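Q:
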Amino acid sequence: MNFALPLLEKLKQEMTSKTSEIIQADSKMPILKIEAKDIREAVKKLHDDPAFDMKYLNCISGLHLTQTKEDGTLDLLGFEVLYVFSSARDFSTIAVRVDLPEKNPAIDTIDDLYGSANWFEREVYDLLGVNFINSSDLRRIMLPQDWEGHPLRKDYKEQASYNGMPTTRPNEMESIRIE
Amino acid sequence: MSFYQELPENILVTNIDQLLGWGRKHSLWYLMFGLACCSIELMHTGGPRADLERFGSAPRGTPRQSDLIIIAGTLTYKMASRLKLLYEQMAEPRYVISMGSCSNCGGLFDKAYSVVKGVDQIIPVDVYLPGCPPRPEALLESLIFLQKKIQNEKFLRK
Amino acid sequence: MINLIYMFVFSLVYLLLLALTAGILTYVERRIAGRMQSRIGPNRVGIQGILQFIADLIKGVQKEDIIPADAYAFLFKIAPYLVFMGVFLTLVPIPFGAYTLMEDLDVGIYYVLAMASYVVIGLMIGGWASNNKWSLLGGMRSAAQKISYEIPAALGVFIVVIMSGSMNFQKIVAAQGASPVDWFVFRNPFTFIAFNLFFIASLAEGNRVPFDIPEAESELVSGYNTEYSGMRFLFFFLAEWGNLVVIGALVTCMFFGGGSFWYEWKISIPAPGRDPIVFEVLGFLWFLFKTFFFVFVIIWIRWTLPRLRIDQLMDICWKYMVPIGLISSLGIVIWMYFIPENSTIDRIVRLTLTSLGAITVLYFKYRVYKNLKITKATIYANPFV
Numbered sequence: 001m002n003f004a005l006p007l008l009e010k011l012k013q014e015m016t017s018k019t020s021e022i023i024q025a026d027s028k029m030p031i032l033k034i035e036a037k038d039i040r041e042a043v044k045k046l047h048d049d050p051a052f053d054m055k056y057l058n059c060i061s062g063l064h065l066t067q068t069k070e071d072g073t074l075d076l077l078g079f080e081v082l083y084v085f086s087s088a089r090d091f092s093t094i095a096v097r098v099d100l101p102e103k104n105p106a107i108d109t110i111d112d113l114y115g116s117a118n119w120f121e122r123e124v125y126d127l128l129g130v131n132f133i134n135s136s137d138l139r140r141i142m143l144p145q146d147w148e149g150h151p152l153r154k155d156y157k158e159q160a161s162y163n164g165m166p167t168t169r170p171n172e173m174e175s176i177r178i179e
Numbered sequence: 001m002s003f004y005q006e007l008p009e010n011i012l013v014t015n016i017d018q019l020l021g022w023g024r025k026h027s028l029w030y031l032m033f034g035l036a037c038c039s040i041e042l043m044h045t046g047g048p049r050a051d052l053e054r055f056g057s058a059p060r061g062t063p064r065q066s067d068l069i070i071i072a073g074t075l076t077y078k079m080a081s082r083l084k085l086l087y088e089q090m091a092e093p094r095y096v097i098s099m100g101s102c103s104n105c106g107g108l109f110d111k112a113y114s115v116v117k118g119v120d121q122i123i124p125v126d127v128y129l130p131g132c133p134p135r136p137e138a139l140l141e142s143l144i145f146l147q148k149k150i151q152n153e154k155f156l157r158k
Numbered sequence: 001m002i003n004l005i006y007m008f009v010f011s012l013v014y015l016l017l018l019a020l021t022a023g024i025l026t027y028v029e030r031r032i033a034g035r036m037q038s039r040i041g042p043n044r045v046g047i048q049g050i051l052q053f054i055a056d057l058i059k060g061v062q063k064e065d066i067i068p069a070d071a072y073a074f075l076f077k078i079a080p081y082l083v084f085m086g087v088f089l090t091l092v093p094i095p096f097g098a099y100t101l102m103e104d105l106d107v108g109i110y111y112v113l114a115m116a117s118y119v120v121i122g123l124m125i126g127g128w129a130s131n132n133k134w135s136l137l138g139g140m141r142s143a144a145q146k147i148s149y150e151i152p153a154a155l156g157v158f159i160v161v162i163m164s165g166s167m168n169f170q171k172i173v174a175a176q177g178a179s180p181v182d183w184f185v186f187r188n189p190f191t192f193i194a195f196n197l198f199f200i201a202s203l204a205e206g207n208r209v210p211f212d213i214p215e216a217e218s219e220l221v222s223g224y225n226t227e228y229s230g231m232r233f234l235f236f237f238l239a240e241w242g243n244l245v246v247i248g249a250l251v252t253c254m255f256f257g258g259g260s261f262w263y264e265w266k267i268s269i270p271a272p273g274r275d276p277i278v279f280e281v282l283g284f285l286w287f288l289f290k291t292f293f294f295v296f297v298i299i300w301i302r303w304t305l306p307r308l309r310i311d312q313l314m315d316i317c318w319k320y321m322v323p324i325g326l327i328s329s330l331g332i333v334i335w336m337y338f339i340p341e342n343s344t345i346d347r348i349v350r351l352t353l354t355s356l357g358a359i360t361v362l363y364f365k366y367r368v369y370k371n372l373k374i375t376k377a378t379i380y381a382n383p384f385v
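Residue numbers (this note's numbering), protein chains in the order written: chain A, 1 to 179; chain B, 1 to 158; chain C, 1 to 385.
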């Protein structure tokens, strides 16, 4: 029995803006797709409302959406940020999805509601460059602080060297290749 | 031929050199420094089956007292500066074994954005040990190889 | 003048002997540790790796002598020598035989306690002058630990001094006898407690496991010697292993009858002209055997027990050992007042304690052989592999 779907429909009803829609409704983890400006309202409801009782934030994951065109070049379609919440009451898991534009992706932080959100947000910021507005501590979490670029973007170009260390190594086998 | 030209091949100097080399090669204290899965094999090598201490190699916690650093695992750019610092803190004479494909050339993570493509881009390496990860026996052999190299060093006759 | 030369020669001999013994003990410890962990230990240089400590020494001499830029260079340089000197000086009044001792001090035990706490100055200086947070923490910990454990050790010594009526090591040894019944450890229950107090406190003062928190690798990198390299570090190293000999010798002297060999010791004290050279040598060997047995026990403890936390360490000292020590020092006075030496009760108590000790040892031997039989581990019975 899916506990999550009724909860998600309830959340959809209670949102002030009526643009949200439920996708993957018949899966184990239904997703509510909302606008970026509504994220704080939705998460606040999930966190505070005893009807939802989503006390645990599983993860925040980010995605760079692309499509390969006929000529092989990439068509960049923007970013997707997925918030997954769990309830300790009936172990139901629901997800909230936000689509962000390709240029200057930014979204409100939720790390004042969920303390653990800070590290997830830092990770998404570190690897994808999504800016979390009003975050308490938005630094890179895994890569060095002086790193340039966000490596999981599909259009990421690797630097030739980092701090004087070359990022490539000549292939020794190339020198003895027989044409 | 003057005395000073002939000194490097002097019999006394040669013998003392061999004695010093004998001391260095049988007392290679290694730094407890593991980066990834290779460090598990490094721990095995210190364990009962392939006992590194038979060769006089004891693990030390601080770089000041260790003679050998075994780079066991994948080295990322963030760790590279720390590794360089540790290496610079070690007292001369110091030796480096690069253990496993990742530290030799990047290995499995050759195309990754965050992995150093070989520790020899950062610090000089004495012995490269291939394998992913190498077995403890292989690490033992690389240690014996390093001992041979140390014995042939010209410490006084530079 | 001739006295001065004698002093110089003897102290040089003692120094070399201590350094050599400490060096060999490092090898012995590594071998024993190897056997306890089903390993072999160093066995490549010399016969069974006996030259391992010489190889370590040669390497230590060649190592670069690093003095960190921000360290206080003068204090950083002298700290290892202070530590080594503190350990060396404790050897002065210890009688290895009736005549084999450097100086027969009347305040022997007092002097040893003073010198043992002198070591802590060297450790503190080394920790502070390195200008390293791990070193400083290690130095502070060792100071706290050593000063705390002075008190249980002193209470253990106090009981011995009351029993023998003297602080002189010769007289303490003479107050005991050759047979286990006469040893202080089995004399009465309070001296047995005193032995345990003193032995545990000595472990703590020598920074040995389970009290080696000043150099805990998992918390502080290497404690007070983090910044030391090469020869300066080897001095710390030698001091630690030299300290083992001192602990073993002290325990042997104070609780296990010293070098008393049959009854010769008691005879030789009032009449030095008797020339008991054979008994002197035998007594010396007997003393060394006991000393190295306790060194082995300390190494055994090191590779068996895990490390304590700093608060547990302080708890053991102040909440358990000090009260027990105070109660036993009161108890020993009452005991000596009501039960004179060689009375019937005294003899019964001595015999009971001695046989309890013997039964414990025999039962241990039985268990060990039984376990060896069960595991069919014949290889572990052979020390040379």
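Virtual Cβ for every residue (Gly too), placed ideally from N, Cα, C.
No experiment lies behind these values; they were computed from the predicted model shown.
Can you list, in chain order, the stretches of the alpha helix (DSSP H) that have 4 or more residues and sit fully within the segment 43-89 of chain B?
A: Runs found: 77-89.
Q: State the CB to CB distance for the pair N132 (chain C) and E227 (chain C), rounded to an integer number of angstroms; the pair is presumed to be in contact (CB under 8 Å).
A: With 8 Å as the limit, N132 (chain C) and E227 (chain C) qualify as a contact, their Cβ atoms being about 5 Å apart.
Q: Name the two residues that bound the continuous beta strand (DSSP E) containing R30 (chain C).
A: Element bounds for R30 (chain C): not the beta strand (DSSP E) but the alpha helix (DSSP H), I2 to M36.
Q: If you measure from the beta carbon of V295 (chain C) to each beta carbon in chain B, is any gap under 8 Å?
A: So, not an interface residue.
Q: Can you find a CB in chain A that lies within less than 8 Å of the CB of I122 (chain B)?
A: Closer than 8 Å to some Cβ of chain A, the Cβ of I122 (chain B) qualifies, so yes.
Q: What residues in its chain sit with their C-beta under 7 Å from that of Y99 (chain C), if we drop five residues either side in the sequence?
A: Excluding sequence neighbours, Y99 (chain C) sits near E280.
Q: Report the neighbours of R82 (chain B) on chain F: residues whose CB is nearer than 9 Å to its CB, in chain order.
A: The chain labelled as chain F is not found among the protein chains of the depicted structure, namely A, B and C.
Q: Output the boundary residues of the beta strand (DSSP E) element that contains C37 (chain B).
A: Looking at the DSSP string, C37 (chain B) is not in any beta strand (DSSP E), and its letter there is neither H nor E.
Q: Kindly confirm or deny that the segment 94-112 of chain C and the segment 125-139 of chain C touch, where touching means at least three C-beta pairs closer than 8 Å.
A: Result no; under three Cβ-Cβ pairs closer than 8 Å.
Q: Are the C-beta of V96 (chain B) and some C-beta of chain A separated by less than 8 Å?
A: No, no contact with chain A.
Q: Hey, does S328 (chain C) have any beta-carbon neighbour from chain B nearer than 8 Å?
A: Chain B contact via Cβ: absent.
Q: Alpha carbon to alpha carbon, how far is R49 (chain B) from S38 (chain C)? Give it in angstroms, no decimals.
A: So the two alpha carbons sit approximately 9 Å from each other.
Q: Does the distance from the CB of A153 (chain C) to the CB of F184 (chain C) come in under 8 Å?
A: Contact flag unset, no.
Q: DSSP state of H47 (chain A), grouped into three classes?
A: It is helical.
Q: Report, in whole angstroms, the separation of the C-beta atoms of T62 (chain B) and S222 (chain C), which I expect to be a contact under 8 Å.
A: About 4 Å; that satisfies the 8 Å criterion.
Q: Roughly how many whole angstroms lie between the Cα atoms of I67 (chain C) and I40 (chain C)?
A: Cα to Cα, the separation comes out at about 35 Å.
Q: Looking at the ligand SAM, does it come within less than 7 Å of I22 (chain A), judged from the CB to the closest heavy atom?
A: As presented, the structure is devoid of all ligands, the ligand SAM included, so that no description of it is given.
Q: Would a check of beta-carbon distances place V221 (chain C) closer than 8 Å to chain B?
A: Chain B contact via Cβ: present.
Q: Report yes or no: do the segment 103-120 of chain A and the segment 32-41 of chain B share at least 3 C-beta pairs separated by less than 8 Å?
A: The answer is no - the segment 32-41 of chain B does not touch the segment 103-120 of chain A, with fewer than three Cβ pairs under 8 Å.
Q: Use the C-beta contact count for I147 (chain C): other C-beta atoms within 10 angstroms, 16 or more gives buried, fewer gives exposed.
A: That one is exposed.
Q: Can a CB atom of chain B be found closer than 8 Å to the CB of R30 (chain C)?
A: Closer than 8 Å to some Cβ of chain B, the Cβ of R30 (chain C) qualifies, so yes.
Q: Could you have a look at Q67 (chain A) and say whether DSSP puts it in helix, strand or coil?
A: In the structure shown, Q67 (chain A) sits in a strand (DSSP, three-state: E or B).
Q: Kindly list, in the order they appear in chain B, the residues whose Cβ is closer than 7 Å to that of L143 (chain A).
A: Here the neighbours are K78 and S114.
Q: Can you give, in chain order, each stretch of the beta strand (DSSP E) that sits fully within the segment 89-149 of chain B and has at least 3 residues?
A: If we require 3 residues or more, the beta strand (DSSP E) runs fully inside the segment 89-149 of chain B come out as 95-99 and 127-129.
Q: Return the Cβ separation of Y30 (chain B) and L68 (chain B) in integer angstroms, given the expectation that the two are a contact with Cβ distance under 8 Å.
A: With a Cβ gap of about 4 Å, Y30 (chain B) and L68 (chain B) count as contacting.
Q: Whole angstroms is fine: what's the gap from L250 (chain C)'s alpha carbon to G131 (chain B)'s?
A: The straight-line gap from Cα to Cα measures roughly 53 Å.
Q: Got a sec, what are the start and stop residues for the alpha helix (DSSP H) L7 (chain A) sits in?
A: Unbroken alpha helix (DSSP H) run through L7 (chain A): A4 to E14.
Q: For V295 (chain C), which residues of its own chain have a beta-carbon under 6 Å away from its beta-carbon, when the five flanking residues on both sides are left out?
A: The residues are L244 and G248.
Q: DSSP on A106 (chain A), reduced to helix/strand/coil?
A: Here A106 (chain A) sits in strand by DSSP.
Q: From K154 (chain A) to G72 (chain A), what does the alpha carbon distance come to, in whole angstroms?
A: Near 13 Å, if we compare the C-alpha coordinates of G72 (chain A) and K154 (chain A).
Q: If I measure Cβ to Cβ from S328 (chain C) and keep anything under 7 Å in the same chain, skipping five residues before and after, which residues do I get?
A: So the list reads I159, F190, I193 and A194, once near-sequence residues are dropped.
Q: Whose C-beta lies closer than 6 Å to the C-beta of R158 (chain A) among residues of the same chain, with five residues either side of it excluded?
A: The question names Arg, but residue 158 (chain A) is Glu in the sequence shown. These residues qualify, in order along the chain: T167.
Q: Taking C-alpha atoms, which residue in C:G97, C:F84, C:I334 and C:L282 lies nearest to S117 (chain C)?
A: Among C:G97, C:F84, C:I334 and C:L282, the Cα nearest to that of S117 (chain C) is on C:F84.
Q: For N58 (chain A), which three-state DSSP category applies?
A: Correct three-state label for N58 (chain A): strand.
Q: Tell me, please, which residues DSSP counts as bridged to S343 (chain C).
A: Answer by DSSP bridge pairing: none, since S343 (chain C) is not bridged.
Q: Using the rule of at least 16 other Cβ atoms within 10 Å of the residue's Cβ for burial, across every protein chain shown, is D56 (chain C) buried or exposed?
A: Label assigned to D56 (chain C): buried.
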